[in-house]
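*Asks:* Quick one: this structure, given as structure tokens, is what I'll be asking you about.
Residue numbers (the numbering used here), protein chains in the order written: chain A, 31 to 641; chain B, 18 to 405.
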């Protein structure tokens, strides 16, 4: 596959080479003189002196270098003296002697016209739009004081495309192409791109097929970056409210690790606020019968996945030529979809362990149902996830029994925030509460599942002790942490060096997979998460609007939660130990195999490109 | 303003002295810088319509420090009313190839490509054969240069140079942000000279006869002659090579049917000149430049329909990338429809003219920027035809 944006990297590097000499550029912006380094754009330069030029299509996730600047929306145009035309500030580099005006009447009029043009082709249903309040187009219209649209031509009308996880409402698309950049450049999935010409141009899958007929992984990064309501999640809040109101149903909820580090943002708390206790209290007030923790299932995942790693390693060391190494993690459903679509020849390499969400569902609808004396059909399992792919995952056929899914509804962090707001719960003033038993107890190892590097660190904590029989001298593996896209580290298992690879972002995962395919991979185990930063940057999290500091704060919060947990290793979780004693037997045992492991499918045949 | 009388010339299609290999032999013995100086001295400006000095373009590209450079011949002749490049490639393709090879020699490019308009695919087979022969001939001369051909898919926007590169690279044809200009980063983000078909033919002529011969024709700002595609209400539609710098009234006298009310100079994206301005309008870079299209309208034509057609064309052919062009073209189209139907007051036309001017300064590429040319010139001169 040739990828447009990947190729542009060549050019970006070229520009960087050009900038190496760190030439200083002196220019004037709005009568203020300033000096910047060569290669800095007018937009960036203006920010250094406190001038915020409005932008719309521009997107930049800070030092992760995820950047979209097609210069398409033309909202950021500025006047450069001596130039006939206005220039987009987001892509125009500063040059010596430039005199820039960012808000003279010519610029303001052009911007207003451009904004009116965008609005003239946009539905006016803000009141019922799920993006209302978070919409970047709406805030621009506010900021510009638009009260009337002078142009009343046509509005483009497009069908809605509904998939299990993502809804495309393309009438609201403003062709900023952020989703296209995410889908192609960062995730290398190649699902969304501009099609058609002229006024008919839209962003869509090839041949305008539906998302569920494409290679979409449902990672939801397109939704994360969409400035308007063109891409949103499938909303299940009504179904959940109905289930809660149904007296015949017992409703159980599980909350993923990354949710507690981000939910507070929806209630005005600073990014990185840990709201575990408040979240539990709120869920209880919403009427959930049992408030459990996906972290419990994450500990369970480590027991199974860690054992599988050790099993494969031991067999490998004994010289078994059929052992597949490296082992790849399988908790991330976006990632699972990715390799099923793009690397079907490698579906026997990832761990067969189900994701924590699905382990939880399988255990809840068997072990828990027995324990509380309920039939499977009377138990509703709801999960709160930072993720949109989880919505698809829980609909997979193999995760159901006689048509009854192990997990009934997966809500995003954003949907939970809406539920709490609808129920008039004063979230910030709630007293902390604890999870219920028996599926609420968890270790710090489970918490860090929420960030890139966390799953493998959790696995190492357990695998080390199971393999060596010794206690880990130090629990914090700093070498596995961070936000670098591809990281590697070697962990010493008492004389046995275990080589670990980590990638977040599917484009980065692709690099590691290509290595494996070519037989060049030197890793024993690889952790992959589809989203930038891992689940903390998931497609279901509160919108960051491109603020990388929010991701960093969430990551910090996750590691803090780990630190303050009395339990920090999955195999030491007493509830997990009890589960094996009472129900499962041993990791990788028959019952585990049946309930906690899965298999993968070659999905290349499911893609339909014409009807 | 300097002007010339209408004069038909025969340079482009003249094959009496067309020994292209001799031109090449002579040129590659010279110093590339000298050849470029000749082109600069000749005053040759790009014949695609924008009129950038060809020699300067070559000089900038030559000065770029890069192992790989390209020469591209833009044969995506998409401007409505233009059909000269088709004829040139059909009748004298070797002159184009020679121009490309000379350019490659001058700037240090080893590869050249012709980007052929999708609708011209009927020329493809024959061109390929002739290119193969030409490649072989220049290889025998020891000139390290190969010409290839790429076919477009029928998008007007791919005639815009950077959209053309994107298209050649296999992507959706969308203009890039500029800078960087092609001379720095063009095809495959390498320094690239991209010239119109006709420009390259004049290059071989200048190399054959010297810049002074070229300068004999035209005016100070518009040297040489130019091939015009004459169409519309004319008894003699077709292709004519004329000296640049002529006043439009002479052109109309020669080609009009006696009842000419307006001439659209430069195709859909050009200017509409009404009868009362024929005398004062010079065809050339000092007046109204054109890529060759001259559409003549007599009094039986409705200028509303003319403008409506142009706007429909732009609404369809915009790449859809930037707001002013994607939405603006459609608003202009729907706007004049609404005024015609009486759904909006004639004063709305002023609103639309302002919109067109915003598109001119805020659109990303030449397409959106030039919609104001036909729009404002037709509205200004034929306002009553639009309203009633």
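From the three backbone atoms N, C-alpha and C, an ideal C-beta is built for every residue, glycine too.
#1: Using only the alpha-carbon positions, how far apart do residue 130(A) and residue 59(A) sit?
#2: According to DSSP, is residue 32(B) part of a helix, a strand, or is it coil?
#3: What is the residue span of the beta strand (DSSP E) that residue 191(A) lies within?
#4: Taking 9 Å as the CB-CB cut-off, is residue 372(B) touching chain A?
#5: What residues in the segment 211-245 of chain A have a beta carbon less than 9 Å from any beta carbon of chain B?
#6: Helix or strand or just coil, what does DSSP make of residue 409(A)?
#7: Should residue 252(B) be labelled buried (16 or more other beta-carbon atoms within 10 Å of its own) or exposed?
#8: Tell me, to the nearest whole angstrom, how far the beta carbon of residue 285(A) is from that of residue 324(A); I am working on the premise that it is less than 8 Å.
#9: For residue 146(B), count neighbouring Cβ atoms within 10 angstroms of its own Cβ and tell me buried if that reaches 16, exposed if not.
#10: With distances taken between CB atoms, is the gap from residue 68(A) to residue 111(A) smaller than 9 Å?
#11: Could you tell me the alpha carbon to alpha carbon distance between residue 281(A) and residue 312(A), rounded to whole angstroms?
#12: Between which residues of its own chain and residue 110(B) is the CB-CB distance below 7 Å, once the five residues before and five after are set aside?
#13: For residue 509(A), I'd like the list of residues in its chain whose CB is within less than 7 Å of its CB, leaving aside the five on either flank, ordered along the chain.
#14: Quick one: what does DSSP say residue 229(B) is sitting in, helix, strand or coil?
#15: When the distance is taken between beta carbons, is residue 166(A) closer than 9 Å to residue 86(A)?
#16: Is it buried or exposed, residue 210(A), if we count other Cβ atoms within 10 angstroms and call 16 or more buried?
#17: Between which two residues does the alpha helix (DSSP H) harbouring residue 539(A) extend?
#18: Comparing the C-beta of residue 134(B) with each C-beta of chain A, is any distance below 9 Å?
#19: Just checking: is the beta-carbon of residue 143(A) within a distance shorter than 9 Å of some beta-carbon in chain B?
#20: If we ignore side chains and look at the alpha-carbon of each, how far apart do residue 215(A) and residue 222(A) end up?
#21: Just checking my contact of residue 256(A) with residue 208(A) at CB under 8 Å: how many whole Å lie between their CB atoms?
#22: In its own chain, which residues sit with a C-beta less than 6 Å from the C-beta of residue 337(A), not counting the 5 before and 5 after it?
#23: Does the structure place the segment 385-398 of chain A close enough to the segment 315-331 of chain A that three or more beta carbon pairs sit under 8 Å?
#24: Identify whether residue 138(B) lies in helix, strand or coil by the three-state DSSP scheme.
#25: Which value, in whole angstroms, describes the spacing of the CA atoms of residue 176(B) and residue 230(A)?
#26: For residue 187(A), count neighbouring Cβ atoms within 10 angstroms of its own Cβ and tell me buried if that reaches 16, exposed if not.
#27: When you check each C-beta in the segment 176-189 of chain A against every C-beta of chain B, which residues fall closer than 7 Å?
#28: Please check if any C-beta of chain A sits within less than 9 Å of the C-beta of residue 147(B).
#29: Using three-state DSSP, classify residue 11(B) as helix, strand or coil.
#30: Ordered along the chain, which non-local residues of its own chain (more than five positions away) have a Cβ less than 6 Å from that of residue 69(B)?
#31: Suppose you measure from the CA of residue 19(B) to the CA of residue 373(B); what does that come to, to the nearest Å?
#32: Name the chain B residues whose beta carbon is nearer than 8 Å to that of residue 150(A)?
#33: Where does the unbroken alpha helix (DSSP H) through residue 420(A) begin, and where does it stop?
#34: Would residue 92(B) be called buried (16 or more neighbouring beta carbons within 10 Å of its own) or exposed?
#35: Label residue 36(A) either buried or exposed according to how many other C-beta atoms from any shown protein chain fall within 10 Å of its C-beta, with 16 as the threshold for buried.
#36: Would you decide whether residue 526(A) is buried or exposed? Buried here means 16 or more other CB atoms lie within 10 Å of its CB.
*Replies:* The relevant details are as follows:
#1: 5 Å
#2: coil
#3: 190-192
#4: yes
#5: 223, 224, 225, 226, 227, 228, 229, 230, 231 and 232
#6: Three-state DSSP puts residue 409(A) in a strand.
#7: exposed
#8: 6 Å
#9: exposed
#10: no
#11: 15 Å
#12: 144 and 147.
#13: Hits under 7 Å: 519.
#14: helix
#15: yes
#16: buried
#17: 536-547
#18: no
#19: yes
#20: 11 Å
#21: Their Cβ separation, rounded to whole angstroms, is 7 Å, which keeps residue 256(A) and residue 208(A) in contact under 8 Å.
#22: 617 and 618
#23: yes
#24: helix
#25: 20 Å
#26: exposed
#27: The segment 176-189 of chain A vs chain B, Cβ under 7 Å: 180, 181, 183 and 184.
#28: no
#29: Nothing can be reported for residue 11(B): it is not among the residues displayed for chain B, which extend from 18 to 405.
#30: Only residues of its own chain outside the window of five on either side were considered, and among them 63 have a CB closer than 6 Å to the CB of residue 69(B), listed in chain order.
#31: 31 Å
#32: 344 and 348
#33: 419-423
#34: Here residue 92(B) is buried: its Cβ has 16 or more other Cβ atoms, across all protein chains shown, within 10 Å.
#35: Because the pLDDT of residue 36(A) is 43, which lies under 50, any placement of that residue in the model is unreliable, and the number read from its coordinates should be weighed accordingly. Exposed: under 16 other Cβ atoms inside 10 Å.
#36: exposed
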